[in-house]
Amino acid sequence: MTQDILCIGSVLWDVIGRTPHPMRVGSDEPGRITRLPGGVAMNIAITLQRFGLRSALLTAVGQDREGDELLYECSARGMNTDLIYRPDGLPTDRYMAIEGPQGLISAVADAHTLEAAGDAILAPLEDGRLGSAHTPYTGTIALDGNLTRALLDDIATRASFARADLRVAPASPGKARRLAPLMRHAGATLYVNREEAGYLTEAQYDSAGTAAQGLLAAGATRVLVTDGGSFAADGHHQRGVIQTPCPSVRVRRITGAGDTFMAAHIAAELDGQSPKDALKTAQTCAARYVSGEDL
């Protein structure tokens, strides 16, 4: 099986509870609970598939019933699962979130199996199946911040990643600082929201544009910064910062919106769109996603 892009990071089950009622700490409201294949790497792969791009997944999935079901769902969606590492004795990871009309209320990400697997998930990039230190992978890689800080630090200087078009997302604001080592990778593009940009640079920003400028000043080669329903920015260390507004939509779901933005932007650029047009495409796709529409 061939692939257009590698997606490295979390592939797990998303358990999402949604309610139309306002919530606070201790609330108990009626709603809907769904279980779907998720994780940053998985969400990106799903969106890329909608653009006609096939993904190969590099992750860790347990040898349990939930893991078998998850791999079946991945394969059914056209993804290459042949390279996934399946450790013995560890459960398949899960993510649980509660969403209300105002957006995400709270979430817990259990990616302990992915973290425990460490660099075992990267074996195909080292042993010749996809590349090695002597023949680095030269394609596009989507990488998420659910990997440990130590492993992300290692990837930043690994010879097998040196020539890749590396697209990086933090997975959550709490994990944004893990991306700091990758800011010095010459081929890395960081996808963050305004809050995550602040964590990375120990600063506060009032817009996506100023956040992009701050990241570039801190040493990043290229960054994409989102800001909810406001402007998004694309910053490059040579051409500066461009911005586009977000279409106004009614918000019906939040989880996965950033992953959709990232995947749509990657697909647009692989399709040959200009930086400005690719940013508009990503904003439009993310807006349609949060409104509940299909891409």
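Under this note's numbering, think of the first position of the sequence shown as 70, with each following residue one higher.
Here a beta-carbon is modelled for each residue, glycine too, at the ideal position from N, C-alpha and C.
All figures in this text were calculated on a predicted structure; none of them were measured in a lab.
- According to DSSP, is aspartate 393 helix, strand or coil? A query on residue 393 cannot be resolved here, the shown segment of the chain reaching from 70 to 364 and no further.
- Considering only C-alpha positions, which residue in the set Pro250, Gln72, Pro239 and Ser201 is nearest to aspartate 223? Pro250
- Query: Does the Cβ of isoleucine 102 have 16 or more other Cβ atoms within 10 Å, making it buried, or fewer, making it exposed?
  - Reply: exposed
- Message: Suppose you measure from the CA of leucine 75 to the CA of glutamine 273; what does that come to, to the nearest Å?
- Response: 33 Å
- Message: Ignoring anything shorter than 3 residues, give me the beta strand (DSSP E) runs that lie fully in the region 234 to 295, in order along the chain.
- Response: 234 to 238, 257 to 262 and 291 to 295
- Message: Can you tell me whether proline 149 is helix, strand or coil according to DSSP?
- Response: Correcting the residue type first, residue 149 is asparagine in the shown sequence and not proline. Here asparagine 149 sits in strand by DSSP.
- Query: By a C-beta neighbour count over all protein chains shown, 10 Å radius and 16 as the cutoff for buried, is glutamine 72 buried or exposed?
  - Reply: buried
- Message: I'd like to confirm the pairing. Which residues does DSSP put opposite threonine 209 in its beta bridges?
- Response: Ile74 and Asp234
- Nearest to valine 292 by alpha carbon, out of Ile311, Ala211, Gly158 and Leu259? Leu259
- Task: Can you say whether valine 261 is buried or exposed, counting buried as having 16 or more other CB atoms within 10 angstroms of its CB?
- Result: buried
- Contact belief for proline 170 with proline 99 at Cβ below 8 Å, rounded distance in angstroms: So it is not a contact: roughly 13 Å between Cβ atoms.
- Message: On the DSSP letters alone, give me the boundaries of the alpha helix (DSSP H) that tyrosine 358 sits inside.
- Response: 344 to 359
- Task: Grab me the residues of serine 229's own chain with a C-beta within less than 7 Å of its C-beta, minus the 5 sequence neighbours each way, in chain order.
- Result: Leu194, Glu195, Gly200, Ser201, Ala202, Pro205 and Tyr206
- Query: Would you report the Cα separation of aspartate 157 and methionine 148, rounded to the nearest angstrom?
  - Reply: 23 Å
- Segment limits, alpha helix (DSSP H) that includes threonine 182: 181 to 186
- Message: Once DSSP output is grouped into helix, strand and coil, what is the label at threonine 116?
- Response: Helix, per DSSP.
- Query: Any idea if serine 299 is buried or exposed, counting beta-carbon neighbours within 10 angstroms, 16 or more meaning buried?
  - Reply: exposed
- Examine the Cβ distances between the region 322 to 329 and the region 341 to 348 and report whether three or more of them are shorter than 8 Å. These segments do not touch.
- Task: Tell whether a beta-carbon distance below 7 Å holds between alanine 302 and alanine 277.
- Result: yes
- Identify the continuous alpha helix (DSSP H) that holds isoleucine 335 and give its terminal residues. 326 to 339
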